[in-house]
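Number of protein chains: 2
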Amino acid sequence: MKTLLEQAREGLITEAMKAVAKSERVSEKFIREGVAEGRIVILQRPGFSPLGIGKGLRTKVNANIGSSSDAVDEEKEIEKARVAEKYGAHTISDLSMGGNLAYLRVKILEATTVPVSSVPIYQALSECRSFEKMSLSKILKVLRRDVYQGISSIVIHPGFTLETLEKVRKRKRIMGIVSKGGSYTAMWMLTHRRENPFLEVFDEILDIAHSRDVVLSLGNTMRSGSVYDELDEPQMDELHMNTELAEKANERGVQVIIEGLGGHIPAGNIAPSVEKFNKITGQRPLYVAGPLPVDVAVGYDHIAACVGGALAAGAGADYLCYITPAEHLNLPTVEQVKEGVLACRIAAHIGDTVKYGLSEADRNIGLHRRKQDWEGQFFHALDGGEKGRQIRGETVMCKMCGRYCALKIMDQYLGG
Amino acid sequence: MKTLLEQAREGLITEAMKAVAKSERVSEKFIREGVAEGRIVILQRPGFSPLGIGKGLRTKVNANIGSSSDAVDEEKEIEKARVAEKYGAHTISDLSMGGNLAYLRVKILEATTVPVSSVPIYQALSECRSFEKMSLSKILKVLRRDVYQGISSIVIHPGFTLETLEKVRKRKRIMGIVSKGGSYTAMWMLTHRRENPFLEVFDEILDIAHSRDVVLSLGNTMRSGSVYDELDEPQMDELHMNTELAEKANERGVQVIIEGLGGHIPAGNIAPSVEKFNKITGQRPLYVAGPLPVDVAVGYDHIAACVGGALAAGAGADYLCYITPAEHLNLPTVEQVKEGVLACRIAAHIGDTVKYGLSEADRNIGLHRRKQDWEGQFFHALDGGEKGRQIRGETVMCKMCGRYCALKIMDQYLGG
Numbered sequence: 146m147k148t149l150l151e152q153a154r155e156g157l158i159t160e161a162m163k164a165v166a167k168s169e170r171v172s173e174k175f176i177r178e179g180v181a182e183g184r185i186v187i188l189q190r191p192g193f194s195p196l197g198i199g200k201g202l203r204t205k206v207n208a209n210i211g212s213s214s215d216a217v218d219e220e221k222e223i224e225k226a227r228v229a230e231k232y233g234a235h236t237i238s239d240l241s242m243g244g245n246l247a248y249l250r251v252k253i254l255e256a257t258t259v260p261v262s263s264v265p266i267y268q269a270l271s272e273c274r275s276f277e278k279m280s281l282s283k284i285l286k287v288l289r290r291d292v293y294q295g296i297s298s299i300v301i302h303p304g305f306t307l308e309t310l311e312k313v314r315k316r317k318r319i320m321g322i323v324s325k326g327g328s329y330t331a332m333w334m335l336t337h338r339r340e341n342p343f344l345e346v347f348d349e350i351l352d353i354a355h356s357r358d359v360v361l362s363l364g365n366t367m368r369s370g371s372v373y374d375e376l377d378e379p380q381m382d383e384l385h386m387n388t389e390l391a392e393k394a395n396e397r398g399v400q401v402i403i404e405g406l407g408g409h410i411p412a413g414n415i416a417p418s419v420e421k422f423n424k425i426t427g428q429r430p431l432y433v434a435g436p437l438p439v440d441v442a443v444g445y446d447h448i449a450a451c452v453g454g455a456l457a458a459g460a461g462a463d464y465l466c467y468i469t470p471a472e473h474l475n476l477p478t479v480e481q482v483k484e485g486v487l488a489c490r491i492a493a494h495i496g497d498t499v500k501y502g503l504s505e506a507d508r509n510i511g512l513h514r515r516k517q518d519w520e521g522q523f524f525h526a527l528d529g530g531e532k533g534r535q536i537r538g539e540t541v542m543c544k545m546c547g548r549y550c551a552l553k554i555m556d557q558y559l560g561g
Numbered sequence: 146m147k148t149l150l151e152q153a154r155e156g157l158i159t160e161a162m163k164a165v166a167k168s169e170r171v172s173e174k175f176i177r178e179g180v181a182e183g184r185i186v187i188l189q190r191p192g193f194s195p196l197g198i199g200k201g202l203r204t205k206v207n208a209n210i211g212s213s214s215d216a217v218d219e220e221k222e223i224e225k226a227r228v229a230e231k232y233g234a235h236t237i238s239d240l241s242m243g244g245n246l247a248y249l250r251v252k253i254l255e256a257t258t259v260p261v262s263s264v265p266i267y268q269a270l271s272e273c274r275s276f277e278k279m280s281l282s283k284i285l286k287v288l289r290r291d292v293y294q295g296i297s298s299i300v301i302h303p304g305f306t307l308e309t310l311e312k313v314r315k316r317k318r319i320m321g322i323v324s325k326g327g328s329y330t331a332m333w334m335l336t337h338r339r340e341n342p343f344l345e346v347f348d349e350i351l352d353i354a355h356s357r358d359v360v361l362s363l364g365n366t367m368r369s370g371s372v373y374d375e376l377d378e379p380q381m382d383e384l385h386m387n388t389e390l391a392e393k394a395n396e397r398g399v400q401v402i403i404e405g406l407g408g409h410i411p412a413g414n415i416a417p418s419v420e421k422f423n424k425i426t427g428q429r430p431l432y433v434a435g436p437l438p439v440d441v442a443v444g445y446d447h448i449a450a451c452v453g454g455a456l457a458a459g460a461g462a463d464y465l466c467y468i469t470p471a472e473h474l475n476l477p478t479v480e481q482v483k484e485g486v487l488a489c490r491i492a493a494h495i496g497d498t499v500k501y502g503l504s505e506a507d508r509n510i511g512l513h514r515r516k517q518d519w520e521g522q523f524f525h526a527l528d529g530g531e532k533g534r535q536i537r538g539e540t541v542m543c544k545m546c547g548r549y550c551a552l553k554i555m556d557q558y559l560g561g
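Sequence lines, in order, name chains A and B.
Heads up: the first sequence begins at 146 in the numbering used here, then just goes up one per residue.
Heads up: the second sequence begins at 146 in the numbering used here, then just goes up one per residue.
Structure, rendered in structure tokens:
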């Protein structure tokens with residue numbers, strides 16, 4: 146079967162492309178060309194709506210969920226998946242490493258309708274329990290299983306070599322390597338004294354991805370973990386390498402997202418870095434985690450990441466990974482997943498106003514606010530008005546200014 | 146007695162200037178020149194540390210508290226003042242309009258050590274209960290009382306005329322006028338068919354402010370209340386008028402803060418607008434409320450305002466007014482005051498990294514994070530680690546990644 150990318154390249158507009166064009170309110174031709182040229186990917190999930198991510202489309206939000214080796218509560222993780230989708234996450238990443246992984250995966254897929262992604266090396270490691278025992282064929286086996294299970298995109302970390310690791314070691318970064326999947330890949334390489342496993346079997350991975358038209362997400366191992374760690378040579382090496390691999394994958398008909406610039410980046414560097422990255426990658430879909438422009442917002446990283454995400458999206462990032470208040474501290478609770486998703490959606494929305502101009506929803510909120518039509522405002526609110534109703538409580542009037550309301554006072558003079 | 150501005154102009158470096166120089170880690174000369182030229186103001190509060198606000202200094206955060214006509218719980222408001230200071234608000238505005246105002250003011254001053262500001266027309270209106278009954282001499286009486294009571298800065302709205310109001314009326318903005326103090330001033334003018342009261346007695350106000358060296362904050366009546374309402378002629382008229390009045394006040398030896406650009410502004414317009422405003426005002430201290438770059442974050446406006454505030458501060462705003470999650474909905478609870486203050490401090494901190502470069506605190510968090518030294522991180526966290534400790538709970542290790550921690554895994558190879 147031909148993949149979307151192959152069909153787009155042949156000039157065909159498929160049902161998935163039409164659906165994405167419709168939901169993004171752009172032309173079908175725009176989608177076809179974007180897919181053909183690798184600027185847009187379409188994540189497919191059998192039985193559900195396809196999702197477009199990339200240049201010229203609305204900024205998308207991903208929520209990471211999943212158990213860790215030392216915190217397992219399957220039902221909570223399933224609930225997080227449900228809550229993430231409810232509050233508007235466009236995709237969900239199942240990063241589970243503890244408990245009954247097979248059960249969790251099935252339940253997470255059952256609980257959601259959005260595309261779900263996975264990082265196969267997580268599960269491979271948690272099943273093998275050591276880098277020594279984790280074989281390359283095991284990693285491939287998990288990856289293949291995920292693809293056949295209906296996962297929409299697969300994260301791998303092929304963009305670095307032992308030489309890159311040596312460069313990181315010499316640089317003495319404050320935070321070294323903070324990517325989980327990247328560090329597992331690195332430790333596998335160091336343990337087995339072997340080059341990057343994903344690079345070694347890249348063609349085979351392409352075949353697997355091609356077989357189900359699954360999107361490959363090229364991971365960002367070298368991202369910085371402190372705002373003091375600069376956009377250094379290892380980061381740029383990885384970006385260039387991932388770009389080459391993306392070209393190869395696209396040639397093979399496989400869609401690719403490039404992960405980059407996540408982590409911790411000073412605010413002033415975010416926009417120029419995004420522009421630089423987009424240029425290097427040939428405007429491929431850019432996936433960014435955070436970024437966090439400061440490190441002092443411990444417990445409030447979702448707010449700091451909202452600033453970083455808004456700056457990144459405004460400058461051309463296409464896909465944001467949420468950060469929850471529990472970042473750096475713990476697995477998030479269900480409530481923190483909700484907070485993280487909403488903060489990230491605010492970032493995406495702000496970014497979209499910079500990329501595409503203001504939205505009708507913002508205009509409508511103003512119009513309803515002028516009339517003090519509360520339900521009208523809530524209808525257009527990001528969370529459907531849940532928090533607004535909760536904060537207002539049972540009062541009929543707005544207690545904020547009470548009878549001395551600026552709006553009411555001026556309304557007669559200014560006209561309705 | 147001579148004011149700080151007069152002494153600075155004469156080349157004198159006072160104790161207050163020395164204290165500000167020390168806390169801001171700049172030279173005393175820098176402070177003296179800034180004060181002399183109106184780029185820096187020093188808010189004084191008898192018995193407590195002076196606070197510098199303006200160009201070249203750290204971005205400051207204000208928290209609005211106070212009862213409304215229809216929501217009065219004096220003890221809660223006093224608690225809000227305490228909590229706002231505890232979580233790092235540099236100033237507090239008492240905007241009370243309901244209950245025992247005299248009692249509230251005294252208690253708020255007792256509960257805090259930071260400079261407190263007031264908007265005299267609020268209290269005048271709540272005491273007179275109608276625009277008809279509120280005389281100009283009453284407004285002045287309240288203003289004088291506030292100044293003599295130890296209020297550090299007074300907000301007035303002198304920067305518009307009946308002609309400006311007519312322009313607003315003709316423009317048919319979505320949200321008209323959303324400034325409370327501004328709308329009261331406007332309604333007074335319309336009710337009494339008289340020009341701006343603060344303009345009429347501006348010289349007298351200068352005398353009063355001069356007598357206690359209280360800072361005048363020139364209010365921002367014309368700010369927009371919807372991201373769809375543009376930076377229009379009324380806003381620019383007010384800015385030019387406030388700048389002229391600031392020049393006059395500075396000549397008289399009175400320090401001035403210019404309020405501007407608060408409200409709702411599309412993200413892409415914030416930085417250029419701040420630069421434009423600073424140019425027009427001659428780099429006077431710029432006070433910004435929010436701004437909110439989107440309207441859809443109902444119930445989460447503190448997060449949207451963090452993005453707007455970070456952009457504004459990074460571009461040269463000097464003083465941010467916090468926005469709480471209850472903005473547009475209700476008076477904030479004590480907890481929401483805390484959330485608002487912290488979100489605004491994140492904005493100020495991000496802005497400062499753009500203006501002045503990264504902070505040692507951010508570096509230290511990274512260094513402690515690398516070592517998984519939790520208390521070390523918390524010590525440098527914006528809230529002193531309260532939220533971080535709460536999220537981590539009783540666990541010794543970080544549950545986020547459990548035994549498969551990227552940092553620990555890589556640490557041996559990358560070196561300590």
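The C-beta atom is built at its ideal place from N, Cα and C for all residues, glycine as well.
All of these numbers come straight from a predicted model, not from anything done at the bench.
Item: N- and C-terminal bounds of the alpha helix (DSSP H) containing L503 (chain A); Value: From DSSP, L503 (chain A) is part of no alpha helix (DSSP H); its letter is neither H nor E.
Item: As assigned by DSSP and simplified to three states, the class of V401 (chain B); Value: strand
Item: Opening and closing residue of the beta strand (DSSP E) in which G201 (chain B) lies; Value: Per DSSP, G201 (chain B) belongs to no beta strand (DSSP E) and is neither H nor E.
Item: Beta-carbon proximity check, E404 (chain B) vs S369 (chain B), cutoff 7 Å; Value: no
Item: Coil, strand or helix - S271 (chain B) by DSSP; Value: helix
Item: Start-to-end residues for the beta strand (DSSP E) that takes in L465 (chain B); Value: Y464 to C466
Item: Sequence-distant residues of the same chain with beta carbon closer than 6 Å to G459 (chain B), five excluded per side; Value: G496 and V499
Item: Beta-carbon proximity of V228 (chain A) to V264 (chain A), cut-off 7 Å; Value: no
Item: Status (buried if at least 16 other CB within 10 Å, exposed otherwise) for L476 (chain A); Value: buried
Item: Sequence-distant residues of the same chain with beta carbon closer than 8 Å to L249 (chain A), five excluded per side; Value: G211, S212, E219, E222, I223, D239 and S241
Item: Among A:A450, A:Q294, A:L310 and A:D348, nearest to Q381 (chain A) - alpha-carbon criterion; Value: Before going further, note that residue 381 (chain A) is Met rather than Gln in the sequence given. Comparing Cα positions, the closest option is A:L310.
Item: Inter-residue spacing [alpha-carbon to alpha-carbon] between M146 (chain A) and S356 (chain A); Value: 8 Å
Item: Chain-order list of residues whose beta-carbon lies under 7 Å from that of Q481 (chain A) (same chain, five-residue window excluded); Value: T469, P470 and A471
Item: Burial state of K532 (chain A) (16 or more Cβ within 10 Å); Value: buried
Item: Collapsed DSSP secondary structure at G183 (chain B) in the structure displayed; Value: coil
Item: Segment limits, beta strand (DSSP E) that includes V372 (chain B); Value: Looking at the DSSP string, V372 (chain B) is not in any beta strand (DSSP E), and its letter there is neither H nor E.
Item: Chain-ordered neighbours of S328 (chain A) on chain B, where CB pairs are closer than 7 Å; Value: A551, I554 and M555
Item: Cβ-Cβ distance between D463 (chain A) and L431 (chain A) below 7 Å; Value: yes
Item: Whole-Å CB distance - K205 (chain B) paired with H235 (chain B), under 8 Å assumed; Value: 4 Å
Item: Where K205 (chain A) sits in the DSSP three-state scheme; Value: strand
Item: The beta strand (DSSP E) enclosing V360 (chain B), as first and last residue numbers; Value: V360 to L363
Item: CA-to-CA distance, Y445 (chain A) to A492 (chain B), given in whole angstroms; Value: 12 Å
Item: Element boundaries [beta strand (DSSP E), containing D239 (chain A)]; Value: T236 to D239
Item: Three-state secondary structure assigned by DSSP to L376 (chain B); Value: coil
Item: Beta-carbon separation (whole angstroms), I510 (chain A) vs H525 (chain A), contact threshold 8 Å; Value: 5 Å
Item: Among A:R514, A:F193, A:K516 and A:G454, nearest to L487 (chain A) - alpha-carbon criterion; Value: A:G454
Item: Exposure of A566 (chain A), with buried meaning 16 or more beta-carbon neighbours within 10 Å; Value: Outside the modelled stretch of chain A, which goes from 146 to 561, sits residue 566 (chain A), for which no answer is possible.
Item: Residues sharing a beta bridge with Y293 (chain B), DSSP; Value: Bridge partners of Y293 (chain B): none, in fact.
Item: Opposing strand residues paired with Y558 (chain A) [DSSP bridges]; Value: Bridge partners of Y558 (chain A): none, in fact.
Item: F305 (chain B) to T366 (chain B) span [Cα, whole Å]; Value: 8 Å
Item: Beta-carbon proximity check, R289 (chain B) vs I198 (chain B), cutoff 7 Å; Value: no
Item: Chain A within 7 Å of P417 (chain B), Cβ atoms only; Value: no
Item: Proximal chain B residues relative to A493 (chain A), where beta-carbon distance stays under 9 Å; Value: In chain order: nothing, as chain B lies at least about 10 Å away.
Item: Residues of the stretch 219 to 247 of chain B whose Cβ lies closer than 8 Å to any Cβ of chain A, in chain order; Value: M242 and G243
Item: Where K325 (chain B) falls, given that 16 or more other Cβ within 10 Å makes a residue buried; Value: buried
Item: Which residues DSSP lists as bridging S262 (chain A), in chain order; Value: A:S238 and A:S298
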